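Residue numbering for the sequence shown follows this note's numbering, beginning at 23 and increasing consecutively.
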Amino acid sequence: MKKLKWGVIGCGGIADRRTIPGMLLAENAELVAVMDTADGVAEKVRAKYNAKYAYNDYHELLANPEVEAVYIATPVFVHKEQVIAAANAGKHILVEKPVCLTVEEGNEVLAICREKNLLLGAGFLMRFSSTHRKMREFIAEGNLGQVVSVRAQFSCWYPKMEGAWRQVKALGGGGALMDMGIHCLDLIQYITGAKVQRVGAFCATNVFDYETDDQAAVIMALDNGAFALLDTNFNIPDDSQKARLEIYGTKGSILAEGTISQVDGGNVEILLAEDKGYDAQQERSSADAATFEGLEYGNMYTREIESFGRSVLEGTPLESPAEEAIQVQSIIEAAYASSEKGTIVAL
Ligand SMILES: NC(=O)c1ccc[n+]([C@@H]2O[C@H](COP(=O)([O-])OP(=O)(O)OC[C@H]3O[C@@H](n4cnc5c(N)ncnc54)[C@H](O)[C@@H]3O)[C@@H](O)[C@H]2O)c1
């Protein structure tokens, strides 16, 4: 099988923890080169994963003709210059979320990639969860009836730390909402197939002493008539939240815990109810919980890399295209604007 030859720009964080190990398991990928600005990191990662080349300067990686595609996993404020440089070097690009600091920057880099006929994918790895894919299919088949309500939650404990770029707006673009909430916003739309139209939000830095939001609550009106709620915090201990995702329709619901995660898995209850008409007793015991049977859990990063590789090598549509990630970012910008102005913002 033909393998796509990858270079990794920014290899010390999520790339080292998850994406490169996932890439090594991908059947159509070969890790060729790694690059990082931090002292000794590129060489350490090169040796750890047996890559051919290590660089401290991304221009050198991009000048290497063996590299056909790059995975960019650097702090958000450098995405724009690195995506543009990679496009100018003729490489296909998978960039981590968010694509750039702003929607405007995202559209700018997307236009450059399009002009050069290069693919630009975004790192929404949670689209590659077995459960999320099954939910999407289950809902598209009409099993929940009309989807009317969605809730999503994704939080962690992220105290003030020296050098933490997510805590500075100019470096990360935002806090909890931009970094974690973004996955939930994408999943709400990806799983239901509906798009957010109007947004109301509260975003604040409530507990910690840094610039970006450490908590956000967002309410959204979707184009299918459903409402969605998101809460995302940097100020809740990791073990004190369950990463809940709940989708309610006129025929039943899917209640999930722990599927919003870097690991494929979690618990799902499916509660489908017979149409019994109006029940004045509000009897709630009729729905027996089921779950999705036979899901084949796997490495979501491997799937993400294989999927991007298929798009480059075989021309299949991108499963996580940058334009969809930029649209998700427009919801975030609307939420920040709503919180600041105290009004509902239309997209
Ligand atoms: N999909 C996911 O599961 C996931 C998880 C975490 C982070 N992310 C995203 O990945 C990106 C990186 O996040 P992270 O948590 O790995 O950050 P990090 O700070 O832990 O690691 C970033 C790495 O990039 C290096 N770096 C910094 N500036 C650089 C530059 N100009 N050129 C090259 N390398 C540079 C740093 O030395 C570091 O090794 C962000 O966009 C983030 O939102 C995605």
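Ideal Cβ placement from N, Cα and C applies to all residues, glycine included.
Remember, predicted model here, so these are calculated numbers, not experimental data.
(request) Assign residue 285 to one of three DSSP states: helix, strand, or coil. (result) Taking the sequence shown and counting its residues from 1, one reaches residue 285 at position 263. Reduced to three states, the DSSP call for residue 285 is coil.
(request) Would you list the residues sitting across from residue 254 in a DSSP beta bridge? (result) Working through the sequence shown from its first residue, we reach residue 254 at position 232. Answer is 238.
(request) State yes or no: is the C-beta of residue 95 nearer than 6 Å to some heavy atom of ligand 1? (result) On the sequence shown, position 73 is the one that residue 95 refers to. The answer is yes for residue 95.
(message) With H, G and I counted as helix, E and B as strand and the rest as coil, what does DSSP make of residue 202?
(response) Mapped onto the sequence shown, residue 202 falls at position 180. In this structure, residue 202 counts as helix in the three-state DSSP scheme.
(request) Note down the Cα distance separating residue 42 from residue 109, rounded to an integer number of angstroms. (result) Start at 1 with the first residue of the sequence shown, and residue 42 comes out as number 20. Start at 1 with the first residue of the sequence shown, and residue 109 comes out as number 87. The alpha-carbon atoms of residue 42 and residue 109 are separated by roughly 21 Å.
(request) Starting from the C-beta of residue 193, find all residues in its chain whose C-beta is less than 8 Å away, skip the five residues before and the five after it, and write them out in chain order. (result) The sequence position of residue 193 within the sequence shown is 171, counting from 1. Answer for residue 193: 97, 98, 99, 187, listed in chain order.
(request) Note down, in chain order, each residue of its chain lying with its Cβ closer than 7 Å to the Cβ of residue 153, except the 5 sequence neighbours on either side. (result) The residue you call residue 153 lines up with position 131 of the sequence shown. Within the same chain, residue 153 has close Cβ partners 278, 281, 288, 290, 314, 317.
(message) Tell me the rounded alpha-carbon separation between residue 220 and residue 347.
(response) The sequence position of residue 220 within the sequence shown is 198, counting from 1. The sequence position of residue 347 within the sequence shown is 325, counting from 1. Using only the alpha carbons, I get a separation of about 17 Å.
(request) State the start and end residues of the unbroken beta strand (DSSP E) segment that holds residue 275. (result) Position 253 of the sequence shown, counted from the first residue, corresponds to residue 275. Counting along the chain, the beta strand (DSSP E) containing residue 275 begins and ends at 274 to 279.
(message) Please give me, in chain order, every unbroken run of the alpha helix (DSSP H) with length at least 4 that falls completely inside the segment 117 to 184.
(response) 125 to 137, 152 to 162
(request) Taking 8 Å as the threshold, find out whether the segment 334 to 341 comes into contact with the segment 201 to 209 through three or more Cβ pairs. (result) no
(message) Using a Cβ-Cβ cutoff of less than 8 Å, which residues in the same chain neighbour residue 81 once the five nearest sequence positions on both sides are dropped?
(response) The residue you call residue 81 lines up with position 59 of the sequence shown. Closer than 8 Å at the Cβ level, and outside the excluded window around residue 81, lie 107.
(message) Just to confirm the assignment: which complete alpha helix (DSSP H) runs, minimum length 4, are found wholly within the segment 67 to 114?
(response) 80 to 85, 101 to 110
(request) Could you check what DSSP says for residue 212 in three-state terms: helix, strand or coil? (result) For the purposes of this step, residue 212 is taken as residue 190 along the sequence shown, with counting starting at 1. Note: residue 212 maps to helix in three-state DSSP.
(message) Any contact between the segment 121 to 141 and the segment 350 to 359? By contact I mean 3 or more CB pairs, one from each, below 8 Å.
(response) yes
(request) State whether the segment 261 to 272 contacts the segment 230 to 239, with contact taken as three or more CB pairs (one from each stretch) at a distance under 8 Å. (result) no
(message) At a cut-off of 6 Å, would you count residue 55 as near ligand 1, judging by its Cβ distance to the nearest heavy atom?
(response) Here residue 55 corresponds to residue number 33 of the sequence shown, with the count starting at 1. Answer for residue 55: no, Cβ out of range of ligand 1.
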